[in-house]
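According to our numbering, the sequence shown is numbered sequentially starting from 2.
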Amino acid sequence: MRMTTVELTQHIIDELTPLHGLGEATSVSRLVLEDLFGYRRGSHPRKLGQDEQIMAWATINRLKAGEPVQYVTGIADFYGLQLEVNPAVLIPRPETEELVEWILEEHAAGTQVQCLDFGTGSGCIPFALKAKRPLWTCTGVDVSTDALKVANGNAKILSLNVDFKELDVLQNPALHLRLANYNIIVSNPPYIPPSERDLMAPSTLAHEPEIALFVPEGDPLLFYRRIAELGKDLLANDGQLYLETNEFNNDAVVSLLKEIGYTDLERRKDLQGKWRMVRGRHAAQC
Numbered sequence: 002m003r004m005t006t007v008e009l010t011q012h013i014i015d016e017l018t019p020l021h022g023l024g025e026a027t028s029v030s031r032l033v034l035e036d037l038f039g040y041r042r043g044s045h046p047r048k049l050g051q052d053e054q055i056m057a058w059a060t061i062n063r064l065k066a067g068e069p070v071q072y073v074t075g076i077a078d079f080y081g082l083q084l085e086v087n088p089a090v091l092i093p094r095p096e097t098e099e100l101v102e103w104i105l106e107e108h109a110a111g112t113q114v115q116c117l118d119f120g121t122g123s124g125c126i127p128f129a130l131k132a133k134r135p136l137w138t139c140t141g142v143d144v145s146t147d148a149l150k151v152a153n154g155n156a157k158i159l160s161l162n163v164d165f166k167e168l169d170v171l172q173n174p175a176l177h178l179r180l181a182n183y184n185i186i187v188s189n190p191p192y193i194p195p196s197e198r199d200l201m202a203p204s205t206l207a208h209e210p211e212i213a214l215f216v217p218e219g220d221p222l223l224f225y226r227r228i229a230e231l232g233k234d235l236l237a238n239d240g241q242l243y244l245e246t247n248e249f250n251n252d253a254v255v256s257l258l259k260e261i262g263y264t265d266l267e268r269r270k271d272l273q274g275k276w277r278m279v280r281g282r283h284a285a286q287c
């Protein structure tokens, strides 16, 4: 006998609660039903079709095996947008939404701004900014061709004009970007040293791309240093650099930006009370 949407919802909750707790299991069930089956809680229940029934069991098995729900559904919510995601890109986090919010707070609508996102992944940051600031020119760069396929696919789905380039921040992307005069550079770069693996969720370690997560143990500020140095060449006078950080290295990133010559330095906590964001201003030398 085929399940109804209500029965599937409850079955997912029952299967996942022992693994993740009732709250997360309920949240996952909502995402699965909405994104895969087009059913919103409170709507009139319906029976699953034969193909849906097969998909339902496969979905439950993937979730029980620890695969993130966003990879199972192929969809991640970010700042009011629905983005397609797969294991080639990180799943956008709420902390990154807070970084976007900070940028929007400091740059009013109606302004002409050029914005560059290093390590763009799914394109979540430039898409969120472009959606709220249509006049902005937004560019995202990434070293991963597979990630850029995801980002370009999202650009078509969302009908948002964001330009994407394949560039390696550790090489010399300034040669390819030197004609631009950016007002904002933003990045959520790799920042986790391998020694912190034990602090990470098993699902992240098993499924999300290591290239977007980890830095060399001996140089945890590698990407911050490189991006900050490039910012000195690529930012307009008074341009701003916004960075998401590891909660354990926020102080070190602030010190690094100060050493490189950024001014008006500010850092912020996320909603969990952790220091996770830094902003600095580039003042060109006269």
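For each residue, glycine too, the CB sits at the ideal point set by N, CA and C.
Asked: Range covered by the beta strand (DSSP E) that runs through R277; Found: W276 to H283
Asked: Exposure of H45, with buried meaning 16 or more beta-carbon neighbours within 10 Å; Found: exposed
Asked: Neighbour-count burial assignment, T264, 16 or more Cβ in a 10 Å radius; Found: exposed
Asked: The stretch 190 to 209 / the stretch 240 to 256 touching (three or more Cβ pairs under 8 Å); Found: yes
Asked: N- and C-terminal bounds of the beta strand (DSSP E) containing S44; Found: Where S44 is concerned, there is no enclosing beta strand (DSSP E), given that its DSSP letter is neither H nor E.
Asked: Cα-Cα separation between G274 and E98, rounded to whole angstroms; Found: 15 Å
Asked: Presumed contact (8 Å Cβ cut-off) between D239 and R280, rounded CB distance; Found: With 8 Å as the limit, D239 and R280 do not qualify as a contact, their Cβ atoms being about 13 Å apart.
Asked: Candidates S160, L64 and S256: closest to S30 by CA position; Found: L64
Asked: Candidates G262, K270 and S160, of which the one nearest L82 by Cα; Found: S160
Asked: Identified DSSP bridge partners for Y243; Found: V187 and R280
Asked: Cβ contact check for the stretch 150 to 168 and the stretch 202 to 214: 3 or more pairs under 8 Å; Found: no
Asked: Contact under 7 Å by Cβ, R269 with E96; Found: no
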